[in-house]
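Visitor: Numbering (our numbering), first residue to last: 90 to 506.
Every residue, glycine too, gets a C-beta built ideally from N, C-alpha and C.
There's a structure below that I have some questions on.
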Ligand SMILES: C[S@@+](CC[C@H](N)C(=O)[O-])C[C@H]1O[C@@H](n2cnc3c(N)ncnc32)[C@H](O)[C@@H]1O
């Protein structure tokens with residue numbers, strides 16, 4: 090694949106591209122990757138082409154597909170991200186209505202008697218008056234009846250939360266050691282973001298060719314029929330302990346989706362592939378049950394290799410201060426990804442291909458060839474072959490590691506046919 094270059098695994102390109110840059114999401118990948126696959130596979134020429142993304146994230150695959158007028162469908166497990174993607178796919182907007190709503194929101198700020206009950210986390214991240222204004226705008230937006238405008242302004246406000254905080258809030262986690270200098274007021278920031286978003290949609294083709302579902306891709310999504318897509322383009326969570334519940338918690342708390350650690354576990358983490366040790370309790374794992382699972386029955390050789398890796402990780406963990414259960418995370422991760430690969434296989438037609446951007450991992454310095462293992466699982470469940478194309482070497486993100494290991498990790502495209 091000659092079009093692959095080192096930047097494809099990073100979201101940097103997206104920060105400069107209209108609509109892709111509506112929401113800052115550090116875990117994304119380049120929209121250029123999607124555009125190139127559409128080109129290479131001729132998806133914008135072949136009739137009835139349809140793309141599938143089981144991990145829609147901030148919507149890179151879906152937005153690129155819609156820009157190229159190709160049909161696409163995706164799942165996203167997080168309620169908050171689902172709203173973000175939905176807003177990014179609704180380009181039929183009336184300038185007069187946007188101005189009308191902005192006037193209404195601005196007018197609501199003239200009444201200084203705000204009804205405001207902030208989550209304590211947000212108290213520590215925003216100036217008191219800014220927070221009052223943010224909540225007031227939020228409450229007014231939640232009262233908007235027209236769904237596409239409500240989603241539009243919710244997204245503009247979500248982006249405002251990033252811009253007016255005292256500390257950066259999602260890089261990917263809150264960095265309290267850094268202070269942001271906010272020159273513009275909350276209202277100036279919010280209204281400017283809204284008007285920029287509106288300008289981005291003007292002149293664009295307004296056909297909505299992409300759809301997103303709030304759905305956990307480990308389960309069958311009956312709204313997406315068997316064999317209904319030709320190509321899957323996605324980037325799954327990596328086995329690198331990134332906790333998406335933590336990444337989005339300022340926003341999920343602000344929009345009252347969650348209010349505590351337990352809430353994040355039940356309403357966010359549990360709906361996602363197990364990619365961080367915060368997703369489970371160690372007592373949730375039962376080896377006997379694991380060895381009776383469908384995952385084991387269909388992949389005995391791979392699971393035995395995983396158990397050996399897991400035991401090595403567990404032994405090393407005993408001498409580490411953090412004692413994170415990366416041994417269990419490794420088993421849970423592949424079991425979950427096995428279920429998602431089955432769902433990808435079901436949705437793709439017989440000649441379907443899947444392109445997955447993936448990183449390898451080294452929990453506690455034990456190399457786990459993630460891309461290769463997933464390729465082998467894919468073959469066991471019905472794909473005929475897999476190829477691994479390296480895009481770049483990358484550093485480790487295993488934060489709890491005191492003495493960083495020296496293993497070179499790679500980011501790859503796994504191509505399943
Ligand atoms: C690496 S991000 C994907 C980035 C995305 N492709 C982009 O660039 O916009 C992974 C996304 O998958 C979502 N996710 C994780 N497990 C999921 C599951 N089981 N079903 C649906 N979505 C899931 C996460 O919430 C996160 O938004």
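#1: For residue 404, which of helix, strand or coil comes out of DSSP?
#2: With DSSP as the reference, label residue 451 as helix, strand or coil.
#3: Keeping to the same chain, check which residues put their C-beta closer than 6 Å to that of residue 332; ignore five residues upstream and five downstream.
#4: Since residue 446 contacts residue 392 with CB under 8 Å, what's their CB separation in whole angstroms?
#5: Under 8 Å, do residue 242 and residue 255 count as touching if we go by C-beta distance?
#6: Count the other CB atoms, across all protein chains shown, that sit within 10 Å of the CB of residue 295; report buried if there are 16 or more and exposed otherwise.
#7: Is it true that the segment 174-182 meets the segment 316-328, where meeting means three or more beta-carbon pairs spaced less than 8 Å apart?
#8: From the DSSP output, read off the bridge partner residues of residue 142.
#9: Just checking my contact of residue 346 with residue 334 at CB under 8 Å: how many whole Å lie between their CB atoms?
#10: What's the gap between the Cα of residue 285 and the Cα of residue 339?
#11: Between residue 141 and residue 166, how many whole angstroms is the CB-CB distance? I'm expecting something under 8 Å.
#12: Would you call the segment 450-465 and the segment 394-413 in contact, with 3 or more CB pairs under 8 Å?
#13: Cα separation between residue 301 and residue 307?
#14: Report the partner residues of residue 446 according to the DSSP bridge assignment.
#15: I need the straight-line Cα distance from residue 461 to residue 187, nearest angstrom please.
#16: Closer than 7 Å: is that where the CB of residue 248 sits relative to any heavy atom of ligand 1?
#17: May I ask you to report which of helix, strand or coil DSSP gives residue 511?
#18: According to DSSP, is residue 478 part of a helix, a strand, or is it coil?
#19: Could you check what DSSP says for residue 110 in three-state terms: helix, strand or coil?
#20: What are the boundary residues of the alpha helix (DSSP H) that includes residue 341?
Guide: Once the coordinates are examined:
#1: helix
#2: coil
#3: 365 and 367
#4: Contact doesn't hold; Cβ gap of about 25 Å is too wide.
#5: no
#6: exposed
#7: no
#8: 163
#9: So it is not a contact: roughly 10 Å between Cβ atoms.
#10: 24 Å
#11: No, residue 141 and residue 166 are not in contact; Cβ-Cβ is about 15 Å, not under 8 Å.
#12: yes
#13: 16 Å
#14: 502
#15: 49 Å
#16: no
#17: With the chain represented from 90 up to 506, any question about residue 511 goes unanswered, as that position is not in the structure.
#18: strand
#19: helix
#20: 338-343
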